[in-house]
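Accompanying notes for the structure given below.
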Ligand SMILES: Cc1cc2nc3c(=O)[nH]c(=O)nc-3n(C[C@H](O)[C@H](O)[C@H](O)COP(=O)(O)O)c2cc1C
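Residue numbers (this note's numbering): 19 to 358.
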């Protein structure tokens with residue numbers, strides 16, 4: 019990472035009425051950015067803002083934080099944690115955002131990006147990009163209802179029309195959004211083609227609120243290139259943050275990483291997943307994450323298969339040790355199109 023880029027990603031940035039200390043954000047990821055993973059990530063540091071998994075706005079008002087699998091947090095992370103909500107109508111989003119504010123989160127994020135059928139069928143996520151007036155109304159109503167920072171995560175739309183995304187970005191800003199996280203892919207495209215970073219530049223140039231670019235930033239070079247070519251205010255990291263939870267610290271502070279970092283991260287995961295979840299969901303969540311961790315290694319596929327076949331954490335710990343005792347080689351550029 020060039021010194022100038024490192025300085026940039028460590029430059030504080032105002033989002034609404036709050037300031038973040040670094041410009042690398044965690045992207046929200048369902049089944050992955052849960053409380054246990056975020057504790058692991060926090061141990062390394064360097065992340066400007068944490069995001070929850072997407073949470074159903076309909077459920078949030080009556081959710082119990084100690085029971086809910088997704089609307090759950092540690093008090094220590096709350097001042098840097100954004101809760102992402104999805105839902106089909108402004109009233110539901112407003113009620114959820116109010117609870118998010120009362121609980122003391124840094125901010126609330128509206129999900130206009132998820133194109134998974136189960137979410138779109140409920141007129142939520144990326145489906146709202148088909149009814150821009152409704153999406154804009156949600157932003158305006160939530161803005162009126164809460165004072166905490168309001169971010170919007172969205173994608174290009176349902177057609178390869180950057181002009182529509184640019185227009186929507188302006189309307190989100192006018193409606194009171196404090197920052198945008200933009201993933202430049204069309205909605206039916208589930209990561210099969212590269213994201214079009216040049217659209218991030220267009221969105222950035224159209225608004226005056228901070229814009230975070232998102233999509234296939236897997237290496238320091240990618241990060242540098244996204245910042246330089248799009249002029250974005252920061253970068254939202256998804257799958258690479260799961261594969262390498264120390265990536266924020268590595269890129270923003272230059273912390274040293276070796277094979278023991280990888281081994282220790284697996285061991286920490288075992289402890290933290292057991293701390294936050296009952297054994298069955300803990301093991302399921304661990305396996306889901308481990309596929310990403312293993313993908314950065316040559317022969318990672320066979321490693322992750324062995325992990326997925328293991329029945330409990332003590333078997334998994336043995337698989338991890340056996341793998342790292344052989345000094346495995348890392349892949350140059352990880353393939354994180356895993357669809358698991
Ligand atoms: C398993 C998985 C779950 C995801 N869940 C969400 C989600 O809950 N909300 C959301 O806005 N995006 C979600 N995304 C999209 C990511 O936030 C991000 O936009 C996408 O992975 C591209 O970034 P990346 O190339 O850095 O991974 C998900 C992605 C993955 C791989």
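A virtual CB, placed ideally from N, CA and C, is assigned to each residue, including glycine.
Can you check whether the CB of residue j is closer than 9 Å to the CB of residue i?
i, j, result
"residue 234", "residue 204", "no"
"residue 313", "residue 320", "no"
"residue 104", "residue 137", "yes"
"residue 53", "residue 90", "yes"
"residue 197", "residue 228", "yes"
"residue 187", "residue 157", "no"
"residue 67", "residue 110", "no"
"residue 135", "residue 75", "no"
"residue 108", "residue 152", "yes"
"residue 355", "residue 166", "no"
"residue 56", "residue 270", "no"
What does the alpha-carbon distance come out to for the pair residue i and residue j?
i, j, result
"residue 292", "residue 268", "26 Å"
"residue 358", "residue 277", "Low confidence applies here, because residue 358 scores a pLDDT of 47, under 50, leaving its location unreliable; read the following figure in that light. When rounded, the distance between both Cα atoms is 25 Å."
"residue 168", "residue 193", "11 Å"
"residue 341", "residue 174", "41 Å"
"residue 41", "residue 62", "16 Å"
"residue 249", "residue 124", "25 Å"
"residue 264", "residue 287", "13 Å"
"residue 50", "residue 303", "7 Å"
"residue 262", "residue 64", "13 Å"
"residue 349", "residue 315", "5 Å"
"residue 182", "residue 216", "14 Å"
"residue 284", "residue 150", "43 Å"
"residue 251", "residue 327", "42 Å"
"residue 179", "residue 338", "46 Å"
"residue 86", "residue 21", "42 Å"
"residue 163", "residue 126", "12 Å"
So is the beta-carbon of residue i under 8 Å away from any non-hydrogen atom of ligand 1?
i, result
"residue 45", "yes"
"residue 171", "yes"
"residue 213", "yes"
"residue 101", "no"
"residue 255", "yes"
"residue 311", "no"
"residue 132", "yes"
"residue 50", "yes"
"residue 287", "no"
"residue 234", "yes"
"residue 245", "no"
"residue 258", "yes"
"residue 81", "no"
"residue 121", "no"
"residue 238", "no"
"residue 268", "no"
"residue 156", "no"
Answer yes or no: the CB of residue i versus the heavy atoms of ligand 3, is any distance below 8 Å?
i, result
"residue 354", "Here the bound small molecules are ligand 1; ligand 3 is not part of this structure."
Would you say residue i lies against chain D (beta-carbon separation less than 9 Å)?
i, result
"residue 115", "Of the protein chains in the structure, only one exists, and it is not chain D."
Task: Those runs of the alpha helix (DSSP H) which lie wholly inside the segment 272-321 and span at least 4 residues - done: 277-294 and 297-312
- [ ] Scan the segment 191-276 and note each continuous alpha helix (DSSP H) run of 4 residues or more that stays entirely inside, going in chain order.
- [x] 216-224, 238-248, 257-261 and 265-271
Task: beta strand (DSSP E) runs contained entirely in the segment 148-197, provided each spans 3 or more residues - done: 168-175
Task: Whole alpha helix (DSSP H) elements within the segment 72-156, 4-residue minimum - done: 108-121 and 135-138
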